[in-house]
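Contents: one structure, followed by commentary.
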Amino acid sequence: SHNAPAWSAPPAAADDLRGDRDSQRPPGEAASTLGPGAQDMVAVHMHRLYEKYSRRGARPGGGNTVRSFRARLDVVDQKTVYFFNLTSMQDSEMILTATFHFYSEPPRWPRARELLCKPRTKNASCRLLPPGLPAHQHLLFRSLSQNTATQGLLRGAMTLASPLRGLWQTKDISPIVKGARRDGELLLSVQLDSGEKDLEAPRPSSHAPYVLVYANDLAISEPNSVAVTLQRYDPFPAGDPEPRAAPNSSVDPRVRRAAQASGPLQDNELPGLDERPARLPHTQHYHKHELWPSPFRALKPRPGRRDRRKKGQDLFMASSQVLDFDEKTMQKARRK
Amino acid sequence: QWDEPRVCSRRYLKVDFADIGWNEWIISPKSFDAYYCAGACEFPMPKIVRPSNHATIQSIVRAVGIVPGIPEPCCVPDKMNSLGVLFLDENRNVVLKVYPNMSVETCACR
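Chains as they are written, first to last, in the working numbering: chain A, 6 to 341; chain B, 6 to 115.
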């Protein structure tokens with residue numbers, strides 16, 4: 006458990022922590038999506054983790070990845086249920102620890118007044134207090150796969166003590182999340198059961214529960230791992246004409262060539278275009294086989310320059326400089 | 006650039022995620038010092054470039070000219086540092102990942 010003020014950080018303080026370099030540019034779109042003034046606890050918590058593990062050598066929980074999951078509130082059978090969609094976890098991420106963060110509100114006013122009422126008081130409001138208010142809240146964890154109508158498999162139950170004032174509490178749910186993932190049920194539901202008949206009052210977004218999963222991504226050391234997760238768009242937008250590419254060029258990068266001379270040749274001048282097999286440019290061939298498979302659009306391979314191995318050889322002209330004669334004339338010339 | 010050393014060494018490079026279009030989902034950092042390696046790896050190579058034994062042999066072979074077409078060794082990152090990146094995944098969840106080999110600390114001839 007931890008006191009609420011320990012986790013709350015005003016945005017100004019967070020901005021100061023980022024340093025002068027980051028303040029040179031206006032906040033990007035990503036920062037603005039953290040919530041109003043970045044005051045929701047998920048954003049605050051993740052930012053603190055980022056600042057902590059940005060130091061060289063530090064590893065979050067012994068791994069290299071921390072994922073946060075916000076709750077989606079729903080009402081099932083007149084009970085408040087929070088759903089967490091864990092499907093964004095990668096197969097290469099081995100779960101180390103999972104924690105559930107829940108803001109426990111103080112008891113409602115009847116209980117609060119009960120605490121304030123002294124024994125043998127003559128105050129009428131104190132004598133009207135209902136007895137036996139629950140001092141604990143129960144959490145029921147279930148997991149289910151997506152697109153299922155069932156309530157899900159019960160994975161665990163926990164009890165949260167009701168504090169005297171608002172308090173963020175943390176529970177280790179590693180076995181629950183690991184078991185759910187092992188069974189392929191990545192939709193986690195948490196039902197709050199406080200014993201009260203009435204539905205829980207809607208919580209502000211800053212008090213919504215959340216789940217953190219600490220993991221070790223085994224694929225993060227693989228080549229190009231940063232692009233697999235962070236490159237999401239082709240840096241060369243569609244529609245840009247490729248340089249040196251004809252509008253009607255086929256997909257095949259080889260240039261079609263055809264001999265233009267029809268008669269026999271009597272000299273060492275090649276009749277028309279170079280008849281040697283067109284060779285794929287080295288770089289283009291490389292790109293064809295060496296691009297990493299990715300769910301996102303990869304870089305467009307650029308056609309490489311033609312590779313001319315023989316130095317000093319004159320560029321062959323597209324149009325032949327040799328006169329072309331019919332076969333009869335050529336035979337006469339040979340006889341002569 | 007005229008003041009930069011000609012020999013293989015680390016050069017300053019700052020990468021801004023906005024310049025490469027990643028700022029839409031990267032929360033922090035906005036930019037980072039990546040550095041890069043550039044410079045000559047010619048024989049004789051100074052100690053500062055920390056050549057491998059193979060790079061030393063290759064530079065000698067090139068200098069002597071025994072085998073045509075042998076290039077000089079390459080100036081590449083030797084020791085690198087990791088970088089923590091805070092970003093939004095496809096479902097707009099906040100994710101923290103510590104990526105290895107994101108910035109250069111030292112360069113060497115290989």
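From the three backbone atoms N, C-alpha and C, an ideal C-beta is built for every residue, glycine too.
Residue Gly66/A holds the alpha-carbon nearest to the alpha-carbon of Ala103/A among Gly66/A, Gly189/A, His143/A, Met163/A. Ser194/A places its beta carbon less than 8 Å from that of Phe88/A. Distance from the CA of Leu145/A to the CA of Gln156/A, rounded to the nearest whole angstrom, comes to 11 Å. Looking at Ile225/A, Ala338/A, Leu235/A, the one whose alpha-carbon comes closest to that of Asn106/B is Ile225/A. The C-beta distance from Lys57/A to Ala48/A rounds to 15 Å, too long to fall under 8 Å, and the pair is not in contact.
Around Gly70/B, no beta-carbon contact reaches into chain A at under 9 Å, the shortest distance being about 18 Å. Ala39/B and Val109/B do touch by the CB rule: their CB atoms are close to 7 Å apart, below 8 Å. Annotated as proximal: Val90/B and Ile31/B, with beta-carbon spacing under 8 Å. Contact between the segment 70-84 of chain A and the segment 78-89 of chain B is absent: fewer than 3 CB-CB pairs across the two stretches fall below 8 Å. With a threshold of 8 Å between beta carbons, Tyr87/A makes no contact with chain B. Contact of Asp94/B with chain A by beta-carbon distance below 7 Å involves Ser93. In this structure, Ala185/A keeps its C-beta atom at 8 Å or more from the C-beta atom of Thr70/A. Lys337/A has its alpha-carbon roughly 10 Å from the corresponding atom of Asp331/A. CA-to-CA, the gap between Val182/A and Cys46/B works out to about 52 Å. Chain A places a beta carbon closer than 8 Å to that of Pro105/B, counting this residue as a contact.
No Cβ of chain B is located within less than 8 Å of the beta carbon of Pro214/A. Here Pro73/B carries a coil assignment [DSSP, helix/strand/coil].
Not one beta carbon of chain B lies nearer than 8 Å to the beta carbon of Ser194/A.
A straight line joining the alpha-carbon of Asp96/A with that of Thr234/A spans about 13 Å.
Looking at the DSSP output, Phe74/A bridges to Val216/A. Taking the CA atoms as reference points, Leu18/B sits about 13 Å from Thr111/B. Spatial neighbours of Cys13/B in its own chain (CB-CB distance under 6 Å, excluding positions within 5 residues in sequence) are listed in chain order as Gly44, Cys46, Val54, Cys80, Cys112, Cys114. For Ile75/B, same chain residues with a beta-carbon under 8 Å away, outside a window of 5 residues either side, are Gln63, Val66, Arg67 in chain order. Under the 8 Å criterion on CB atoms, Leu101/B is classed as interfacial with respect to chain A.
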